[in-house]
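In our numbering, the protein residues as written are 3 to 314.
For each residue, glycine too, the CB sits at the ideal point set by N, CA and C.
Quantities reported herein were computed from a predicted structural model and do not represent experimental measurements.
Down below is the structure, laid out as C-alpha cells.
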C-alpha cells in the first residue's frame, strides 16, 4: 500500500513538473507576442538552413534571383504588346513598342555587368566576409517596418544628389549616366541598363544604408527586395491600378509615370522613389497617365516652360 502511495506521489510530481514546463513555454510564447515578435514565425523558417542563409552569398543569390524573376512577367507583357489590349491600355507611352532587339540589348549589358562586376564582388565577399550572425529573435514589427522606410528615404536623398550631379555635370552624364538614357521610353530591363560605375554606386548605397541602421538580417533582406521592387516598378512603362502611387493619398510616391517623364524630360524628376526633394528644389515635372493621357498639371507645366523659353 505504501509503495502505491509513493508511486502516486512521484506521478503527481512528474505531472506538475510537466505542467510547469508547458506553462513556461506558453509564457515564453506570450512574451514573444507581447514584444511584437509577430515575425518570429517567418524568422524560424531559417532553422535547419542556417549554413546556407548565413553565407555571404545568400543576399546576392536572393537579390539577383528575385530581380530576374520579378522582371520576367513585365517582359512578357512588352513582347505581347497590343495583342493583350487589357494590359496594353495601361502603357504610358503608347506610341513606343518594345522590340526583341531592345530586350536583347538591355539584357546583354545586364548580363555582362553581373558577370564582370557583381559575380567577382560576390566571390570576394564569400571568401573574405564572415558568415552573417543570425540572432535567435526576429525583429519587432515596428523595427522591421521603420528600418525599411528609413533606408528607402535615405537612399532616395542619396540618389537624388547623385542623379542631379550626373545630369548637371556634362562629363558625368556623357561618360556614365547617358547609358541609362539610351531609351527615352523605359521598359522593365532598362532598370539595370547601367554604366558599371552607376551599378556599383547604387549597389553600394543600397547595401550600406542597412549597415548604418544596424538592421536585423530579415529586415535587410526584405529591404533589398523592396528596393528592387520599387526600382523595377519605376521602369516598367505601365501605370497599373495596383501601383503604389495610385493608392498613396499624399502624392509622395512617384512611380512609373514620373520616371517615364524623366526619360522624356531628363532635367526633371531626379528622385527615384518619392517627390518631396523634386518639389522642394523645383525639379518636379507632372506626368502622363496610362494611355498617354496628359494631366492638366502637365499641360500647364509645358505651357509655362514654353513661355519661359520665348522670354529668353
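Closest by C-alpha distance to residue i, when choosing among the options
i: residue 90; options: 223, 312, 294 and 124; result: 294
i: residue 65; options: 257, 297, 223 and 302; result: 223
i: residue 113; options: 53, 70 and 99; result: 70
i: residue 158; options: 306, 290, 168 and 211; result: 211
i: residue 168; options: 151, 150 and 196; result: 196
i: residue 145; options: 305, 296 and 40; result: 40
i: residue 289; options: 42, 313, 281 and 300; result: 300
i: residue 128; options: 60, 79 and 87; result: 60
i: residue 254; options: 264, 165, 78 and 280; result: 280
Pair within 9 Å by beta-carbon distance, residue i and residue j
i: residue 137; j: residue 58; result: no
i: residue 277; j: residue 283; result: no
i: residue 275; j: residue 143; result: no
i: residue 149; j: residue 268; result: no
i: residue 230; j: residue 199; result: no
i: residue 152; j: residue 44; result: no
i: residue 257; j: residue 246; result: yes
i: residue 371; j: residue 271; result: No information on residue 371 is available, as it lies outside the stretch 3 to 314 that the chain covers here.
i: residue 68; j: residue 201; result: no
i: residue 241; j: residue 92; result: yes
i: residue 273; j: residue 162; result: yes
i: residue 99; j: residue 266; result: no
i: residue 55; j: residue 134; result: yes
i: residue 181; j: residue 111; result: yes
i: residue 208; j: residue 73; result: no
Backbone secondary structure at residue i - three-state DSSP
i: residue 286; result: coil
i: residue 170; result: helix
i: residue 276; result: strand
i: residue 234; result: helix
i: residue 100; result: coil
i: residue 260; result: helix
i: residue 296; result: strand
i: residue 291; result: strand
i: residue 313; result: helix
i: residue 281; result: helix
i: residue 308; result: helix
i: residue 301; result: helix
**Asked** Do the segment 92-105 and the segment 182-196 make contact, defined as three or more Cβ pairs closer than 8 Å?
**Response** yes
**Prompt:** Are three or more beta carbon pairs between the segment 169-182 and the segment 218-233 nearer than 8 Å?
**Reply:** no
**Request:** Would you list, in sequence order, the uninterrupted alpha helix (DSSP H) runs of no fewer than 4 residues that lie entirely inside the segment 123-200?
**Result:** For the segment 123-200, whole alpha helix (DSSP H) runs of length 4 or above, ordered along the chain, are 143-170 and 172-177.
**Prompt:** Below 8 Å, can you find three or more Cβ-Cβ pairs linking the segment 117-133 to the segment 233-241?
**Reply:** no
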